[in-house]
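Structure first, commentary second.
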Amino acid sequence: MANDASAAPAARHTLAMLRHLAAQRGPVTAASIAAALSLPRSTVYRLLGVLEEYGFVLHFPEERRYGIGIAAFEISSGFSRQEPLTRLGGPVLAALVDRVGESGHLAVLHGRDVIYLIEERAPRRPSLVSDVGVRLPSHLTASGRALLSTLPKSQLRALFPDRTAFAQRTDREVSGYGDLRRLMTEVRAQGYATENGDITPGLASVAVAVRDHTGWPAASIAVTFDAALPADAVAAIAAQVTASAADLARRLHGRPPSATRARPVAQSSATMTS
Numbered sequence: 197m198a199n200d201a202s203a204a205p206a207a208r209h210t211l212a213m214l215r216h217l218a219a220q221r222g223p224v225t226a227a228s229i230a231a232a233l234s235l236p237r238s239t240v241y242r243l244l245g246v247l248e249e250y251g252f253v254l255h256f257p258e259e260r261r262y263g264i265g266i267a268a269f270e271i272s273s274g275f276s277r278q279e280p281l282t283r284l285g286g287p288v289l290a291a292l293v294d295r296v297g298e299s300g301h302l303a304v305l306h307g308r309d310v311i312y313l314i315e316e317r318a319p320r321r322p323s324l325v326s327d328v329g330v331r332l333p334s335h336l337t338a339s340g341r342a343l344l345s346t347l348p349k350s351q352l353r354a355l356f357p358d359r360t361a362f363a364q365r366t367d368r369e370v371s372g373y374g375d376l377r378r379l380m381t382e383v384r385a386q387g388y389a390t391e392n393g394d395i396t397p398g399l400a401s402v403a404v405a406v407r408d409h410t411g412w413p414a415a416s417i418a419v420t421f422d423a424a425l426p427a428d429a430v431a432a433i434a435a436q437v438t439a440s441a442a443d444l445a446r447r448l449h450g451r452p453p454s455a456t457r458a459r460p461v462a463q464s465s466a467t468m469t470s
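Following this line, the structure appears as structure tokens:
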């Protein structure tokens with residue numbers, strides 16, 4: 197079959213080598229590449245020669261090692277320039293907002309903050325502080341909590357080394373690393389993050405992290421709603437957000453979105469009307 201990956205072993209081996217090189221902390225030997233990928237050394241040397249010729253790999257002859265070349269960096273830069281998160285995430289977020297009838301947003305982690313890339317306003321819903329380009333402390337928002345919950349413990353600790361790292365808006369928030377660690381355990385256990393009145397009194401949010409192909413958090417999808425919404429309605433929204441996050445992850449991985457679509461959430465009488 198034309199789309200059978202086994203029909204193009206050289207392409208698969210080349211891509212595997214590039215991914216391996218990109219994951220290393222510095223240049224590595226051809227022998228180590230061959231061992232890590234279970235490839236013959238002759239194959240590795242041949243493919244490295246082609247990659248070096250086209251600028252995807254740099255050879256350090258004195259060290260007898262190979263590293264990522266400028267052409268690979270240019271591809272990465274092209275990925276950023278094309279704004280894949282907003283292009284792929286926009287339709288996913290719009291469809292989610294249509295289903296739940298509440299406003300949604302897409303955010304990314306930047307240091308200890310989250311930056312909002314997209315806001316999709318639902319009809320007759322109030323404006324939110326999470327407008328495009330706005331930065332908020334990650335530990336206070338559902339979007340940020342969802343993203344932080346995916347980080348290794350060492351990374352989380354590095355971001356929040358002491359109490360001065362915790363911005364405060366109310367007296368009900370996470371104020372120290374112990375609080376944050378317990379909150380992250382809860383988020384991982386339930387599969388989504390929540391926030392209730394920590395950003396805007398009377399409003400609550402649910403968010404789910406979107407992971408890239410390495411498992412790293414690429415973004416989060418969130419929906420904001422009236423804090424008085426019943427628990428069953430919140431759970432229904434969380435299920436919808438989870439499905440949308442999975443769809444965006446598939447799109448980022450280059451796979452088609454899910455063929456199944458979740459049903460619209462029934463509107464509750466507790467949902468606000470502006």
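The numbering of the sequence shown is the numbering used here, which starts it at 197 and goes up by one. Built from N, CA and C at the ideal position, the CB exists for glycine as well.
Nearest by alpha-carbon distance to residue i: which of the options is it?
i      : options                           : result
LEU399 : LEU235, SER323 and ALA218         : SER323
ALA303 : LEU313, ASP443 and ASP394         : LEU313
VAL224 : PRO205, THR210, ALA268 and LEU254 : LEU254
VAL296 : LEU444, ARG446, ASP443 and PHE421 : PHE421
LEU444 : ILE266, LEU214, SER238 and ARG283 : ARG283
ALA414 : ILE395, ARG384, ARG447 and VAL293 : ARG447
PRO348 : ARG384, PRO426 and MET213         : ARG384
GLY300 : ARG308, ARG321 and ASP309         : ARG321
GLY222 : ALA206, ARG260, SER238 and GLN351 : ARG260
GLY411 : THR346, PHE356 and LEU376         : THR346
ALA338 : GLY285, GLU382, PRO357 and ALA439 : GLU382
So who's on the other strand from residue i, going by DSSP bridges?
i      : result
THR390 : VAL402
PRO413 : ARG407
ARG331 : ILE311
HIS306 : ASP309
HIS255 : TYR262
Report back the beta-carbon spacing between residue i and residue j to the nearest angstrom; my notes put them in contact at under 8 Å.
i      : j      : result
LEU244 : ALA226 : 6 Å
ALA441 : ILE417 : 5 Å
GLY340 : LEU305 : 7 Å
GLU316 : ALA290 : 5 Å
VAL437 : VAL402 : 5 Å
PHE362 : GLY372 : 7 Å
LEU336 : ILE395 : 6 Å
MET380 : LEU344 : 6 Å
HIS216 : ILE229 : 6 Å
VAL419 : GLU298 : 5 Å
VAL370 : SER334 : Not really, about 10 Å apart at Cβ, beyond 8 Å.
VAL293 : ALA318 : 5 Å
ARG308 : LEU352 : No, ARG308 and LEU352 are not in contact; Cβ-Cβ is about 10 Å, not under 8 Å.
Which class does residue i belong to by DSSP, given the choice of helix, strand or coil?
i      : result
HIS301 : strand
TYR373 : helix
VAL325 : coil
GLY222 : coil
THR420 : strand
TYR312 : strand
PHE356 : coil
TYR250 : coil
GLY263 : strand
HIS216 : helix
PHE269 : helix
HIS449 : coil
PRO280 : helix
SER339 : helix
Short of 6 Å in beta carbon distance, which residues of its chain neighbour residue i, apart from the five on each side in sequence? Order them along the chain.
i      : result
HIS409 : HIS449
THR360 : none
THR239 : none
ARG237 : ALA230
PRO280 : none
ALA212 : LEU233
Within the same chain, show all residues whose beta-carbon is closer than 7 Å to that of residue i, passing over the 5 residues directly before and after it, in chain order.
i      : result
ALA423 : ASN392, GLY393, GLY398, LEU399 and ALA400
LEU214 : PHE252 and ALA268
TYR241 : ALA226
TYR250 : ALA267
Could you name the residues of the same chain whose beta carbon sits closer than 8 Å to that of residue i, not counting the 5 residues immediately before and after it, in chain order?
i      : result
ALA218 : ILE264 and ALA268
ALA232 : HIS216
ALA206 : LEU243
TYR262 : LEU217, PRO223, VAL224, THR225, ALA226, ILE229, LEU244, GLU248, VAL253, LEU254, HIS255 and PHE256
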